[in-house]
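Student: Here the sequence shown is numbered in the working numbering, starting from 289 and rising by one per residue. Idealized CB from N, CA, C, for every residue including glycine. Pasting a structure below so you can have a look.
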Amino acid sequence: MEDPNELLASIVTWARTDPRVDAVVQTGSRARGTRVDEFSDLDIELIGSGWRDLVDDQRWSAEFGRELVSIDTSSAEEPDHSGPEWATRLVVYAAGRKVDYTLAGPDRLHHLSSGLDDLYQRGYLVHLDKNGIASNLPEPTGAAPVPARPSHDEFDNAIREFWFEASQVPIYLARGDLWVAKFRDNTMKEFLLEMLQWYAATEPAGAPDIWHIGHRMDQWLPAGLWRELHEVYGHFVAEDGWRALRASARVFGWVSEEVARRCGFPSPSTLAAGVTEHLERIAGHGVTN
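As structure tokens, then:
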């Protein structure tokens with residue numbers, strides 16, 4: 289992979305002479321200096337009044353090395369700070385190093401000067417500041433964000449969505465329609481992840497540091513629950529699909545019951561039992577279980 293220090297130096301050197309960029313700020317694990325390994329990417333924010341030109345210009349990110357693949361995730365629309373994120377360009381360079389570029393106007397840092405967001409609070413480094421726009425940023429505390437507990441509506445939606453999909457997967461398994469079974473199982477996993485995050489967020493002894501999309505899950509869930517999760521994915525065969533479906537239903541049922549208890553919500557056990565009974569009824573009719 290590309291040397292991350294050389295790549296960073298190339299970015300900063302280029303930014304010094306490009307009038308579209310006023311500041312270069314680094315976030316992520318390499319800025320924090322924690323949990324860095326040989327695969328860790330670079331998270332770079334290019335701040336300046338010319339950020340829209342950077343969004344439209346497909347050439348500048350290739351100044352630092354040959355690109356393997358890149359994607360732009362946003363348009364050049366300035367966001368409401370309470371709404372969508374600034375534009376980003378995600379680049380994987382030829383030897384495999386990924387750089388996540390955020391392209392933002394000066395308002396990005398002006399807004400943060402009155403209070404850091406969760407990303408900056410974890411840690412940031414200012415590598416270039418041509419006109420002092422980063423000078424008023426508060427020092428990061430390194431603190432993890434406080435995870436939100438679910439509202440009753442959010443919890444109820446997750447319960448219904450999970451068990452709805454769980455009621456359909458056995459039908460496709462019984463038919464041998466494996467791709468659709470996997471497709472719907474993937475939706476189940478989204479709501480299982482959400483419930484696991486709420487389980488950690490409502491931990492009576494205090495919430496751990498919960499990372500997005502399941503990163504480092506083995507560090508923020510109890511060891512026993514983590515071991516249970518090893519059973520929730522199956523191979524692309526119906527027999528193993530049944531096993532994984534039952535495991536997913538078992539884990540979600542237990543975790544959601546505990547989250548409901550901690551939050552004072554009504555127990556979801558009646559719905560869980562009803563769908564589980566339906567699941568086994570379908571399994572009893574098939575020859576692939």
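Report all residues from its chain with a CB closer than 7 Å to the CB of residue 482; omit the five preceding and five following residues, and keep chain order.
Tutor: Only 446 meet the Cβ criterion.
Student: Have a look at residue 558 and residue 406 and give me their C-alpha separation to the nearest angstrom.
Tutor: Taking the straight line from one Cα to the other gives about 38 Å.
Student: Going by alpha carbons, who is nearest to residue 541 out of 484, 552, 438?
Tutor: Among 484, 552, 438, the Cα nearest to that of residue 541 is on 484.
Student: Does DSSP classify residue 371 as helix, strand or coil?
Tutor: Annotation note: pLDDT 38 at residue 371 (below 50); position unreliable, coordinate value reported separately. Coil at residue 371, not helix or strand.
Student: In this structure, how does DSSP classify residue 493 when only helix, strand and coil are distinguished?
Tutor: Residue 493 falls in the coil class under three-state DSSP.
Student: What residue from 418, 534, 454, 410 has the CA that sits closest to residue 431's CA?
Tutor: Looking at the Cα atoms, 410 is the closest of the given residues.
Student: Taking all protein chains shown into account, do 16 or more other C-beta atoms lie within 10 angstroms of the C-beta of residue 371, making it buried, or fewer, making it exposed?
Tutor: Here residue 371 scores only 38 on pLDDT, less than 50, and its place in the model is too uncertain to base an answer on.
Student: Answer with buried or exposed for residue 568, where buried requires no fewer than 16 other C-beta atoms within 10 angstroms of its C-beta.
Tutor: It counts as exposed.
Student: Considering only the alpha carbon of each residue, which of 500, 556, 530 lies closest to residue 463?
Tutor: Residue 463 has its Cα closest to that of 530, out of 500, 556, 530.
Student: Using a 10 Å radius around the Cβ and a threshold of 16 neighbouring Cβ atoms, would you call residue 528 buried or exposed?
Tutor: By the neighbour-count rule (16 or more Cβ atoms within 10 Å), residue 528 is not buried but exposed.
Student: Considering just the uninterrupted stretch of the beta strand (DSSP E) at residue 313, what are its terminal residues?
Tutor: Where residue 313 is concerned, the enclosing beta strand (DSSP E) stretches over 311-315.
Student: Does the segment 330-341 come within contact of the segment 427-444, defined as at least 3 CB pairs closer than 8 Å?
Tutor: Result no; under three Cβ-Cβ pairs closer than 8 Å.
Student: For a quick check, are the C-beta atoms of residue 352 and residue 421 less than 8 Å apart?
Tutor: Contact: no.
Student: To the nearest angstrom, how far is it from the Cα of residue 470 to the Cα of residue 552?
Tutor: In a straight line, the C-alpha of residue 470 is about 33 Å away from that of residue 552.
Student: Expressed to the nearest angstrom, what Euclidean distance is found between the alpha-carbon atoms of residue 564 and residue 381?
Tutor: Distance between the alpha carbons of residue 564 and residue 381 is about 47 Å.
Student: Drop a sphere of 10 angstroms on the beta-carbon of residue 458, count the other beta-carbons inside from all chains shown, and report buried for 16 or more, exposed for fewer.
Tutor: Counting Cβ neighbours within 10 Å, residue 458 comes out buried, since at least 16 surround it.
Student: List the endpoints of the continuous alpha helix (DSSP H) containing residue 557.
Tutor: Looking at the DSSP string, the run of the alpha helix (DSSP H) that includes residue 557 is 557-573.
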